[in-house]
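S.K.:
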Amino acid sequence: MRSEINMQLIPNHKLSYVIAKACYRDIDVWEERHSASGNLDLELYNDMYGMISSKLREYIPCIKLLKLPKEEFDALEGTISTDDKYKLWAFILYSKESKIWDKPVLCEEPVSDDVVSYIMSGKLREACETGLKLTDALMKEINIDVHNRVYTLIENGLLI
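Residue numbers for the sequence shown follow the numbering used here, so the first one is 693 and each next one is one higher.
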């Protein structure tokens, strides 16, 4: 077990929540479909694939900083751009939310290097392929599955 001094700023189970929320859950078309209790489809799946991919490319360099021990982060703080500082504050606030989803569990490891495909390959893909209506219950199932998949990627060193 690491000593308190060498602990990363945000533990992996919370980082997985931050990534799932920022890169998957906070997508306007997804929220619109949920609010309308609309049916899922492969067109939405493909749109979300592109958006999640784009958000991961934008956010992962910043989120990597949150895995650093506090001392290393403090040493780099002066070199972080203002834009990245705003992102970091948002991610830190996400990690402090009182209503964080349940602690994630490990899933099966991915079989390819396509992390976006892996993140979306469980309940989300299944629901889109079958055209299910996006109810609150289904949204919760998908949220949990995506969170678990992001956590699995982090724990296996495949995302950050």
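Cβ atoms here follow ideal geometry from the backbone N, Cα and C, with glycine treated the same way.
I'd like the list of long-range same chain contacts for L816, defined as Cβ closer than 6 Å, with 5 residues on each side in sequence excluded.
M.R.: I834
S.K.: If I'm right that A866 touches K747 with Cβ under 8 Å, what's the distance once you round it to whole angstroms?
M.R.: Lying before the first or after the last residue shown, residue 866 is absent from the chain, which here runs from 693 to 852.
S.K.: When the Cα atoms are used, what is the spatial distance from H705 to K795?
M.R.: 6 Å
S.K.: Under 8 Å, with one C-beta from each stretch per pair, do the segment 750-763 and the segment 716-733 reach the 3-pair mark?
M.R.: no
S.K.: Can you tell which of M699, V838, A829, I784 has its C-alpha closest to the C-alpha of I744?
M.R.: V838
S.K.: Could you compute how far the alpha carbon of E821 sits from the alpha carbon of E769?
M.R.: 44 Å
S.K.: Can you list, in chain order, the residues of its chain with a C-beta nearer than 8 Å to that of A782? Leave out the 5 residues immediately preceding and following it.
M.R.: A714
S.K.: Hey, quick one: how far does the alpha helix (DSSP H) through V710 stretch, first residue to last?
M.R.: 704-712
S.K.: For G823, which residues from the same chain have a beta carbon less than 8 Å from its beta carbon, with the 5 sequence-adjacent residues on both sides left out?
M.R.: Taking G823 as the centre and dropping the five residues before and after it, the same chain places the C-beta of N731, L732, D733 closer than 8 Å to its C-beta, in chain order.
S.K.: Report the partner residues of K825 according to the DSSP bridge assignment.
M.R.: Within the DSSP secondary-structure output, K825 pairs in a beta bridge with N731.
S.K.: Less than 9 Å between the C-beta atoms of P802 and S787, yes or no?
M.R.: no
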